[in-house]
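Chains as they are written, first to last, in our numbering: chain A, 1 to 363; chain B, 1001 to 1363; chain C, 2001 to 2363; chain D, 3001 to 3363.
The structure appears right after this line, and notes come after that.
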């Protein structure tokens, strides 16, 4: 599996299984001079920590991060930063009964076919715990972006069909769903309670906005900012769709309506509307960047399901581990992290775009 | 702009501007022994050729491809294949009047800010002609996939809100929209005629299906098959959304409904439904892979639009070049190409996944 | 510093400083099904362990490796393997007096200029301890190569001008220099004793041979097998030269003498001589691969040296930490490791070279 | 063959065979705003042009370069630059008699084994003509470096054992060997005349110096400046050894002699000696960078040689194409080019090393 490394200049290399010794990430390409301590990263990890409400897994782990390298006297040195979170509360026995069974909606069958066998405990590498490494790296990227005046914020824009009708970021952390809208949160609670009762699970949508991004970030052909964010976000388990700006709605729009008019706003180029979602031709256009990711309902459900096992027998299964009935609440910070990492990576690359600026840099 | 190279083992490096000498691609990593001639590639290019109906640009170019290297005595040698299509029918004067104006919905403003100036003729590098290189490379990838029993087919599933209600691939090329449904095509024609009359443009959706893909293609974390296809497809100009399987609809589904039950079908593992779109945990699961991409309406419209110019003055513009009122018909083969390239790249990488197979290979 | 990742399919991502919490490596791309335990890796690490003779540093660390991920029930799973060696016997105070001084022959001045400051303890990231990560990864690569019938062996071919006049690998580990020649080892001991007495240090040459490599490994242009090995080996601290086969001696040879005649040897193509060192046109040619790396004398010496400090003052320094008077003995396994990693990486890539073999693989 | 792309930010993708339609390169990552015309590149190509003296091949081609993309109104736009040189004076019949024979010292046997067959005309992809693409890209890199005050100069330091005893760059182009020493050139001419008469060929050494490189270029672990230059230069056909600074001589030196003392030179840190060759810990140290590459004698010789053919028969061959009796004279500019490309690539990457400079850049 040669696919656990992401990024070109800000490169993250993640590792770890759900029920192994831990999960972690090595970040190669962190610029020197950033003040960084474990608390900076812990704040991000706590946002995806399990056990925060009845709507998330009861797995109870502090998920404390350790910085193993790359920081000296409180500052990054420019060398790789190795971050580790040890696994603690593993109930591996929970999984022994399903070691030979292919859970519907999971990668078990693909893993066995591709690799010949698999670490079946808790999903192994395909566990949601894999995202700890993304979030730890995202915390570092986010701190750098903040120094550059760039803010990235994600939230749930929809839970099981219930849409947030307003976006008040201050409300996001006041409900267990990450909804920036208290009314929607109440309705979502009702739906989620029902789902739990009926041994079912729910999907939703995470929206992410970026403010303060300079114009021109993103490369013109394959490494368009939106293309790279699409890969980054779609690589999060359970994401089945990605869109930027008006997204799929553009298919029913027309050019006159969909084009965003440029105008001068206090001496600066601005757009009257933002159908483009802050990106034109793969480059940031100076407006707010806005994107959405669709998450499928948690595939691990306690309801009885039909499936097959490794020997090719048809069997029934009901999954009783400790699983989130909704993925979205804890996935919000994962989306935010992948967006931060991608923007930073392309922002670094953009420094090399113009000869006059390179000459300035070196003189 | 360090972003015109895509792929890891099957690597494409594209170049060329709308009104330069030509466009082309160098493909590094084509295995040796593939029978390949210019006609193989021309067939693909002809599917995106301009001037095929009143719904596409009147730019009239044969877009004939030349193979410059990598083929000897009718077969690929394993060395890089350089493909070139010379530009012919350029009307650069069409653009002189907009050289300083930022066209709404286009990358002009971003280009000027990022690079200090731009080749304003016909969109320069951001022109739709850039996709010629993608299609030429896609033709090669497609031919290799065919040898492995893998078929990739894209078509328009929706034009301006008019959905194909059936998918009969044999109908796709019988109408100017690439719709696999003749009724939908008739309705689309009406809508498109209106759009042309009102100097407007329309969006749509391209759907792509892959049959015959072995199980296990795709890498588990960042290089998931769907994540990489998301990057590949979102990197096509004008794409604003991407989804796999049920896509955004999963957000309103629930686990019981959305999980695909495994069962034994004539001794083989199969799925009763395919909400997942043929991918689980980022790996192909043996079912049909199905994905969709949303295209925005062509931003170049003849209607009068307000905008600004390079000097920061507010101006009006109406764009009179030769532009497609719909992007979708000619984009179908571009989507197909990017999907072929991505699947082949990950299929090659997958050969290294298991030690027992590596030992077999070398013994 | 975006330079701690090496490899394309077998990718290693290393981290760690001399006096931080530890050093480690994440290996992405290890095929599944390899039996692997900590002892397999420890054997390699023990070959570079400090404190093994009076000719190596007295730093006394077990350098015990921990496997944190990627192995399940004794076998690799195909997911990233994270390996860590905790630092133990750090005497950071040894370095406080040189925190502002630029040691001759070291990277201190470059580090400060590039990054603004540095972790001055024990060389930080530029310490020889960085090579622990290379060796841990090399042990894994070596085990895979062994399964494919490929043996890689390095040894000292020269210590301070004293050349091994024979190569008997069984003698390599019977002397503290890694010389495959006992007579040379005795002479080297005399020279090394003198160097220690006079607070000086010595250089030498490591030679590495590869047997059993299939024909055709290496890519024809930039990723030639010898070119990639050159990068891999030159990236080891203190290496100042690299050569393959006859190396620099070819400059004084002529075509008639230097060309290796092909002949049939028991029905197989073979070469009568091996001036090429087992590589032609960047690809392995089936003969023994042979290469050499020149190591400079350890720059850390206790003799008084003139230099400057961070404030631009001229000062004197004598370095009293625990340093090896010779780098070569402990570097042997580092060279072997980098060669293993490189050959494996290109051997995996080579699987994708021919269409007929790809079709075989997937059918 | 996935090995014809080199570089990380300044990426070159080369293609072309000796007797195909041409050779070329696509450069992705050229910053915008560089004044560039074909003459800038032609000057470099003319330095490797065949037919310049009796010591080089009589193949008579102008090797005129065409810029196909990436330049608008005389300046680079930031988009990929595609450069092509058409082949003209091909005598493919020269090779038909050796299509099945494995020439000693050539890659024929490796090619056939790796790919199943090969383009045998003129060495195909392994021809010296492949280096045209390197030189064309090198010309662009060199022009950018010049704008940054960095000069790269290569020359022959040794021809067939005859060493240049002085380096006067103004003499380099006054003799057919590229020697910066007229006495050595005279002796070399005598030796070369003999070699031609006896149907033999000769080797030599190219030395390359870099002046004006800022401190800190190069990344600390695998992407050390010297390691990357080693790959770049060793990837040139016929190079069998690479060294930096004192190179292999360090193996016989000692720490006291080999360490370069730092001192203050007019308020700047400087070194009294330069055994390190301008690189410490993989980073440029501000001194002149100096390196050497050993070239083997041309393997194509007219003398009768024994070898085998594709059917496993032992045969004799004498090679009568138009071959250089010495590779070095025309290889000088190739070495210079690969060094320029590598330094520029790492110089761009270095812009991202420090947070304070990134903040400056974006404010």
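Just so you know, even glycine gets a beta-carbon here, dropped at the ideal spot from N, CA and C.
Task: 7 Å Cβ cutoff met for residue 3185/D and residue 3175/D - done: Cβ atoms of residue 3185/D and residue 3175/D: closer than 7 Å.
Open item on the list: Taking CB distances under 7 Å as the criterion, tell me whether residue 139/A reaches chain D.
Closed with: With respect to chain D, the C-beta atom of residue 139/A has no partner C-beta closer than 7 Å.
Task: C-beta contact flag for residue 3209/D and residue 3288/D at 7 Å - done: Yes, the Cβ-Cβ distance between residue 3209/D and residue 3288/D is below 7 Å.
- [ ] Could you tell me whether the segment 322 to 342 of chain A touches the segment 232 to 245 of chain A, where touching means 3 or more Cβ pairs closer than 8 Å?
- [x] Verdict: yes, contact present.
- [ ] Can you pull the chain C residues whose beta carbon is under 8 Å from the beta carbon of residue 3106/D, in chain order?
- [x] Within 8 Å Cβ-Cβ: 2280 and 2281.
Task: Interface residues of chain C facing residue 1359/B [CB-CB closer than 7 Å] - done: The contacting residues are 2147 and 2148.
- [ ] Report the neighbours of residue 79/A on chain D: residues whose CB is nearer than 8 Å to its CB, in chain order.
- [x] Proximity of chain D to residue 79/A at the Cβ level (cut-off 8 Å) is accounted for by 3220, in chain order.
- [ ] Classify residue 24/A as helix, strand or coil using the three-state DSSP reduction.
- [x] Correct three-state label for residue 24/A: strand.
Open item on the list: Does residue 1169/B pass the burial test, meaning 16 or more other C-beta atoms within 10 Å, or should it be called exposed?
Closed with: By the neighbour-count definition (other C-beta atoms within 10 Å, threshold 16), residue 1169/B is an exposed residue.
Task: Residue range of the unbroken beta strand (DSSP E) whose run includes residue 3067/D - done: From DSSP, the beta strand (DSSP E) with residue 3067/D extends over 3065 to 3067.
Open item on the list: Does the segment 65 to 78 of chain A come into contact with the segment 25 to 44 of chain A, if we say contact requires no fewer than three beta-carbon pairs (one atom in each stretch) closer than 8 Å?
Closed with: Touching, per the Cβ criterion.
Task: Through-space distance from residue 1293/B to residue 1248/B, alpha-carbon basis - done: Their Cα atoms are separated by approximately 12 Å.
Task: Of the residues 1134/B, 1204/B, 1010/B and 1042/B, the one placed nearest residue 1161/B, counting alpha carbons only - done: Minimum Cα distance to residue 1161/B is reached at 1204/B.
Open item on the list: So, under 8 Å CB-CB, residue 2036/C and residue 2071/C are touching, yes? Tell me the CB distance rounded to an integer number of Å.
Closed with: The beta carbons of residue 2036/C and residue 2071/C sit about 5 Å from each other, so the pair counts as a contact at 8 Å.
Open item on the list: Against residue 3353/D, what residues of chain A qualify as contacts under a CB-to-CB distance less than 8 Å, listed in chain order?
Closed with: Those within 8 Å of residue 3353/D in chain A are 31, 32 and 78.
Open item on the list: For a minimum of 3 consecutive residues, which ranges assigned as the beta strand (DSSP E) are wholly contained in the segment 3130 to 3181 of chain D?
Closed with: Within the segment 3130 to 3181 of chain D, the complete beta strand (DSSP E) runs of at least 3 residues fall at 3151 to 3159.
Task: alpha helix (DSSP H) segment containing residue 1349/B, residue limits - done: From DSSP, the alpha helix (DSSP H) with residue 1349/B extends over 1328 to 1350.
Open item on the list: Looking at chain F, is there any beta carbon in it that lies within less than 7 Å of the beta carbon of residue 24/A?
Closed with: The displayed structure is made up of protein chains A, B, C and D, and chain F is not among them.
Task: DSSP-derived helix/strand/coil call for residue 2048/C - done: In the structure shown, residue 2048/C sits in a helix (DSSP, three-state: H, G or I).
Task: Candidates 3082/D, 3173/D and 3116/D: closest to residue 3038/D by CA position - done: Shortest Cα-Cα distance from residue 3038/D to any of 3082/D, 3173/D and 3116/D involves 3082/D.
TODO: Write down the C-beta distance between residue 1026/B and residue 3026/D rounded to the nearest angstrom, noting that I regard them as a contact closer than 8 Å.
DONE: The C-beta distance from residue 1026/B to residue 3026/D rounds to 5 Å, short enough to fall under 8 Å.
Task: First through last residue of the alpha helix (DSSP H) which encompasses residue 265/A - done: Note, residue 265/A: premise wrong, no alpha helix (DSSP H); beta strand (DSSP E) at 262 to 265.
Task: Rounded straight-line distance, which links the Cα of residue 1363/B to that of residue 2279/C - done: Approximately 21 Å, taken between the alpha carbons.
- [ ] Pair every Cβ in the segment 106 to 113 of chain A with every Cβ in the segment 2047 to 2055 of chain C, then say whether three or more of these pairs are closer than 8 Å.
- [x] For the pair of segments examined, the segment 106 to 113 of chain A was found not to touch the segment 2047 to 2055 of chain C: the number of CB pairs separated by less than 8 Å stays below three.
Task: Nearest-angstrom beta carbon gap, residue 326/A and residue 107/A [assumed within contact, 8 Å] - done: Separation of the CB atoms of residue 107/A and residue 326/A is rounded to 20 Å, and the pair is thereby denied contact status at 8 Å.
TODO: Anything in chain B within Cβ reach of residue 3366/D, meaning under 8 Å, just list it in chain order.
DONE: Past the edges of chain D, shown from 3001 to 3363, lies residue 3366/D, and the structure says nothing about it.
Task: Nearest to residue 2098/C (by Cα), restricted to the options 2014/C, 2347/C, 2320/C and 2358/C - done: Considering only 2014/C, 2347/C, 2320/C and 2358/C, the residue with the shortest C-alpha distance to residue 2098/C is 2320/C.
- [ ] Please report how far the alpha carbon of residue 2153/C lies from the alpha carbon of residue 2125/C, in whole angstroms.
- [x] In a straight line, the C-alpha of residue 2153/C is about 27 Å away from that of residue 2125/C.
Open item on the list: Just to confirm the assignment, what range does the beta strand (DSSP E) spanning residue 3295/D have?
Closed with: Residue 3295/D -> beta strand (DSSP E) spans 3289 to 3295.
TODO: Provide the residue span of the beta strand (DSSP E) that contains residue 2208/C, from first to last.
DONE: Where residue 2208/C is concerned, the enclosing beta strand (DSSP E) starts and stops at 2204 to 2211.
- [ ] Please confirm if residue 2264/C has its CB atom under 7 Å from at least one CB of chain D.
- [x] Closer than 7 Å to some Cβ of chain D, the Cβ of residue 2264/C qualifies, so yes.
- [ ] Check whether the Cβ atoms of residue 271/A and residue 262/A lie closer than 7 Å to each other.
- [x] Cβ atoms of residue 271/A and residue 262/A: closer than 7 Å.
Task: Rounded straight-line distance, which links the Cα of residue 255/A to that of residue 1314/B - done: Approximately 20 Å, taken between the alpha carbons.
Open item on the list: My output table needs one value for residue 200/A: the three-state DSSP class, helix, strand or coil.
Closed with: Coil.
Open item on the list: Closest to residue 2211/C by C-alpha separation, out of 2194/C, 2274/C, 2221/C and 2190/C, would be which residue?
Closed with: Nearest option by C-alpha distance: 2274/C.
- [ ] Just tell me which of 2338/C, 2350/C and 2356/C has its CA closest to the CA of residue 2006/C.
- [x] Cα-wise, what sits closest to residue 2006/C is 2338/C.
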